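Colleague:
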Amino acid sequence: MLVLGFSCSSTSKEESAADEAVVEGWTVVVSGKVGYPQAGGKITIQELNASGAPGWQDTIQLKSNYTYSKTVKLSAPGYYKLTFFDRQQVDFILFKSNVQINVDGNDARGFVEIKGSPEIDVIRQAQSIMAEAERSPTIAKLNEDFTAAVQAKDDAKIAQIQTTYQQEIAKTHEKLAEYLRSQPASLGTINLLQSNVLDKDQYMSTYVAVAEKLKKEWPQYAVAKEFASMVDRMKVLSIGQVAPEISLPDTTGNVVKLSSLKGKYVLVDFWAKWCGPCRQENPNVVRAFQKYKDKGFTVFGVSLDRNKKDWVQAIKQDGLAWTHVSDLKYWQSEAAKTYNITGIPFSLLLDPDGKIIAKNLRGAALDNKLNEIFAKK
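Residue numbers (this note's numbering): 9 to 385.
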């Protein structure tokens with residue numbers, strides 16, 4: 009799939025006289041050719057809305073020369089899907105230009121050619137920048153050296169190669185960030201950044217620059233407003249920012265504030281009993297807590313459970329001997345909203361001033377970071 013994943017909403021309508029009376033917009037044409045059409049099959053076009061679920065859809069007739077064409081009325085840029093004979097699907101973006109999509113039609117992974125979409129061209133160029141780095145002689149040599157170092161069990165060499173590799177990849181990421189910042193407002197750019205093609209903390213300036221450009225060039229489109237709003241939330245949780253306050257009841261019903269733990273290094277840990285990956289990670293957090301609790305480290309557990317009995321039971325089962333809070337509102341938890349939680353486990357490490365210094369330290373990464381911190385003291 010060329011497009012990396014859809015998450016923005018869009019507004020569109022199939023062309024009709026009734027729609028024209030309601031929607032101020034424009035029309036574009038989606039057309040193309042099918043290499044191997046299937047007898048009795050059909051072609052469908054669907055709008056993909058914010059949840060990723062299909063919006064409106066319609067059937068497109070295949071002509072005798074194996075071509076097809078559909079006029080679509082738009083009032084905003086949006087994501088769409090073509091399905092050919094229930095065998096091949098193509099996700100794409102529609103905005104102001106006509107788009108030509110030629111396909112195999114008989115194979116889910118068959119030939120796809122998309123022409124005329126500047127938004128898809130942005131995504132394609134970004135992928136090319138990343139692929140170019142992986143094909144470079146420097147990366148190829150590093151991969152060879154890494155294999156040799158692993159076989160020789162040379163840990164020092166392995167660490168050196170990994171550092172050099174990260175430096176080379178960082179150069180590519182900077183090139184990609186520069187490219188995205190240079191583009192006009194585009195759903196392709198939004199799609200890439202929402203797909204985490206660049207680290208949000210390291211490249212926050214790129215996210216902000218794109219958001220500002222969208223505000224200026226696309227003030228009328230909801231997709232631009234949604235992205236800008238997302239970036240505003242990200243800025244609040246970026247490295248170096250003071251973590252937003254959390255004030256929720258503990259297991260006894262007493263309200264506890266996150267800020268009450270200032271003066272210590274605090275792992276703010278979002279989890280739940282029903283979350284398998286959270287429960288699997290808990291032993292690592294327990295080990296870190298036991299190892300560093302007397303040195304100025306603690307954990308502030310925020311549960312997204314809905315049932316108090318389940319919550320308390322999981323705390324006891326996993327031996328989580330630290331501060332726990334929850335409003336038992338599942339994903340509607342006030343803390344989850346404040347921290348823009350879309351998946352758990354999710355954690356942030358705070359310094360004694362309450363500033364965010366790391367995120368989502370899993371397994372040995374948490375111990376390594378804490379060892380680095382307390383070794384200096």
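In this text, a Cβ means the ideal position worked out from N, Cα and C, and glycines have one as well. For clarity, every value in this text was computed on a predicted model and none was experimentally measured.
Which of helix, strand or coil does DSSP assign to residue 99?
Modeller: Residue numbering aside, residue 99 sits at position 91 when the sequence shown is read from its first letter. Strand at residue 99.
Colleague: Identify whether residue 46 lies in helix, strand or coil by the three-state DSSP scheme.
Modeller: One-based indexing of the sequence shown puts residue 46 at position 38. Residue state, collapsed to three classes: coil.
Colleague: Assuming contact is defined by CB atoms lying nearer than 8 Å, are residue 328 and residue 315 in contact in what I supplied?
Modeller: One-based indexing of the sequence shown puts residue 328 at position 320. One-based indexing of the sequence shown puts residue 315 at position 307. No, the pair does not count as a contact, with Cβ atoms beyond the cut-off.
Colleague: What is the rounded straight-line gap between the Cα of residue 20 and the Cα of residue 77?
Modeller: Against the sequence shown, residue 20 aligns to sequence position 12. Against the sequence shown, residue 77 aligns to sequence position 69. Note on residue 20: pLDDT 39, under 50, position unreliable in the model; no value is reported.
Colleague: Entirely within the segment 169-257 and at least 3 residues each: give me those beta strand (DSSP E) ranges in chain order.
Modeller: For the segment 169-257, whole beta strand (DSSP E) runs of length 3 or above, ordered along the chain, are 255-257.
Colleague: Mind pulling the alpha helix (DSSP H) runs of 4 or more residues that sit fully within the segment 111-163?
Modeller: The qualifying runs are 126-142 and 145-160.
Colleague: Let me know if residue 158 comes out buried or exposed under the rule of 16 or more other beta-carbons within 10 Å of its beta-carbon.
Modeller: To locate residue 158, count along the sequence shown from 1; it is residue 150. Exposed, since its Cβ has fewer than 16 Cβ neighbours within 10 Å.
Colleague: Across the segment 99-113 and the segment 32-50, are there enough close Cβ pairs to call them in contact, namely three or more that are closer than 8 Å?
Modeller: Yes: the two stretches touch, three or more of their Cβ pairs being nearer than 8 Å.
Colleague: Taking buried to mean at least 16 other C-beta atoms within 10 Å of its own C-beta, is residue 194 buried or exposed?
Modeller: Position 186 of the sequence shown holds residue 194. Its Cβ being crowded by 16 or more others within 10 Å, residue 194 is buried.
Colleague: So, using beta-carbon positions, are residue 216 and residue 188 closer together than 8 Å?
Modeller: In the sequence shown, the residue the question calls residue 216 occupies position 208. In the sequence shown, the residue the question calls residue 188 occupies position 180. Going by C-beta atoms, residue 216 is not nearer than 8 Å to residue 188.
Colleague: Run through DSSP, which three-state label would residue 268 get?
Modeller: In the sequence shown, the residue the question calls residue 268 occupies position 260. Helix at residue 268.
Colleague: Taking only the alpha-carbon atoms, compute the straight-line gap between residue 68 and residue 375 and give it to the nearest angstrom.
Modeller: Here residue 68 refers to the residue found at position 60 of the sequence shown. Here residue 375 refers to the residue found at position 367 of the sequence shown. Those two C-alpha atoms are separated by around 57 Å.
Colleague: Spatial neighbours of residue 346 within its chain, please: C-beta separation below 6 Å, excluding the five flanking residues on both sides.
Modeller: By one-based count along the sequence shown, residue 346 stands at place 338. Result list for residue 346: 252, in chain order.
Colleague: Run through DSSP, which three-state label would residue 55 get?
Modeller: Taking the sequence shown and counting its residues from 1, one reaches residue 55 at position 47. Reduced to three states, the DSSP call for residue 55 is strand.
Colleague: Considering only the beta carbon of each residue, do residue 248 and residue 360 sit closer than 8 Å?
Modeller: Locating residue 248 in the sequence shown gives position 240, counting from the first residue. Locating residue 360 in the sequence shown gives position 352, counting from the first residue. Not closer than 8 Å, so no.
Colleague: By alpha-carbon positions, which one of 133, 95, 291 and 321 ends up nearest to residue 392?
Modeller: Outside the displayed span of the chain (9 to 385) sits residue 392, for which this structure offers no information.
Colleague: Can you tell which of 280, 100 and 281 has its C-alpha closest to the C-alpha of residue 123?
Modeller: For the purposes of this step, residue 123 is taken as residue 115 along the sequence shown, with counting starting at 1. Comparing Cα positions, the closest option is 100.
Colleague: Considering only DSSP beta bridges, list what residue 34 is partnered with.
Modeller: To locate residue 34, count along the sequence shown from 1; it is residue 26. Partner(s): 82.
Colleague: For a minimum of 4 consecutive residues, which ranges assigned as the alpha helix (DSSP H) are wholly contained in the segment 305-360?
Modeller: Here the runs fully enclosed are 316-326 and 342-346.
Colleague: Are residue 312 and residue 344 touching if we call contact CB-CB under 8 Å?
Modeller: Taking the first residue of the sequence shown as position 1, residue 312 is located at position 304. Taking the first residue of the sequence shown as position 1, residue 344 is located at position 336. Yes.
Colleague: If you follow the beta strand (DSSP E) that residue 278 is in, where does it begin and where does it stop?
Modeller: Here the question's residue 278 lines up with position 270 in the sequence shown. Start and end: 273-279.
Colleague: Using 8 Å as the threshold, is the segment 295-303 in touch with the segment 253-260, meaning 3 or more CB pairs across them?
Modeller: Cβ pair count under 8 Å is below three, so no.
Colleague: Report all residues from its chain with a CB closer than 6 Å to the CB of residue 15; omit the five preceding and five following residues, and keep chain order.
Modeller: Against the sequence shown, residue 15 aligns to sequence position 7. Legend: pLDDT at residue 15 = 36, less than 50; position of this residue unreliable, no value from coordinates given.
Colleague: In this structure, what does DSSP give as the bridge partners for residue 65?
Modeller: Taking the sequence shown and counting its residues from 1, one reaches residue 65 at position 57. Beta-bridge pairing links residue 65 to 54.
Colleague: Going by DSSP, what residue range makes up the alpha helix (DSSP H) through residue 377?
Modeller: In the sequence shown, counting from the first residue as 1, residue 377 sits at position 369. First-last of the alpha helix (DSSP H) with residue 377: 372-383.
Colleague: Name, in chain order, the residues that DSSP records as bridge partners for residue 41.
Modeller: To locate residue 41, count along the sequence shown from 1; it is residue 33. According to DSSP, which records beta bridges pairwise, residue 41 is partnered with 75.
Colleague: Is the beta carbon of residue 82 less than 8 Å from the beta carbon of residue 130?
Modeller: Reading the sequence shown from its first residue, position 74 is the one you call residue 82. Reading the sequence shown from its first residue, position 122 is the one you call residue 130. No; because the gap between Cβ atoms is not below 8 Å, this pair is not in contact.
Colleague: When you compare the CB positions of residue 57 and residue 48, do they come within less than 8 Å of one another, or not?
Modeller: Here residue 57 refers to the residue found at position 49 of the sequence shown. Here residue 48 refers to the residue found at position 40 of the sequence shown. Not closer than 8 Å, so no.
Colleague: Identify every residue that forms a DSSP beta bridge with residue 167.
Modeller: Locating residue 167 in the sequence shown gives position 159, where the first residue counts as 1. Answer is none; residue 167 lacks a bridge partner.
Colleague: Taking 8 Å as the cut-off, decide whether the C-beta atoms of residue 283 and residue 352 are in contact.
Modeller: On the sequence shown, residue 283 is found 275 positions in, with the first residue counted as 1. On the sequence shown, residue 352 is found 344 positions in, with the first residue counted as 1. Yes, they are a contact pair.
Colleague: Have a look at 238, 208, 263 and 269 and flag the residue whose alpha-carbon is nearest the alpha-carbon of residue 246.
Modeller: The count along the sequence shown starts at 1 and reaches residue 246 at position 238. Ranking 238, 208, 263 and 269 by Cα distance to residue 246 puts 208 first.
Colleague: With a threshold of 16 other CB atoms inside 10 Å of the CB of residue 281, please say whether the residue is buried or exposed.
Modeller: For this step, residue 281 is matched to residue 273 along the sequence shown. It is buried - the Cβ of residue 281 has at least 16 other Cβ atoms within 10 Å.
Colleague: For the putative contact between residue 242 and residue 212, defined by C-beta atoms under 8 Å, what is the C-beta separation to the nearest angstrom?
Modeller: Looking up residue 242 in the sequence shown gives position 234. Looking up residue 212 in the sequence shown gives position 204. With 8 Å as the limit, residue 242 and residue 212 qualify as a contact, their Cβ atoms being about 7 Å apart.
Colleague: Using only CA atoms, which one of 322, 54, 355 and 286 lies nearest to residue 98?
Modeller: Position 90 of the sequence shown holds residue 98. It is 54 whose Cα lies nearest to the Cα of residue 98.
Colleague: If we ignore side chains and look at the alpha-carbon of each, how far apart do residue 80 and residue 222 end up?
Modeller: Here residue 80 is taken as the residue at index 72 of the sequence shown, counted from 1. Here residue 222 is taken as the residue at index 214 of the sequence shown, counted from 1. About 24 Å.
Colleague: Which whole-angstrom value describes the C-beta separation of residue 276 and residue 355, a residue pair presumed to lie in contact below a C-beta threshold of 8 Å?
Modeller: Numbered from 1 along the sequence shown, position 268 holds the residue referred to as residue 276. Numbered from 1 along the sequence shown, position 347 holds the residue referred to as residue 355. About 6 Å; that satisfies the 8 Å criterion.
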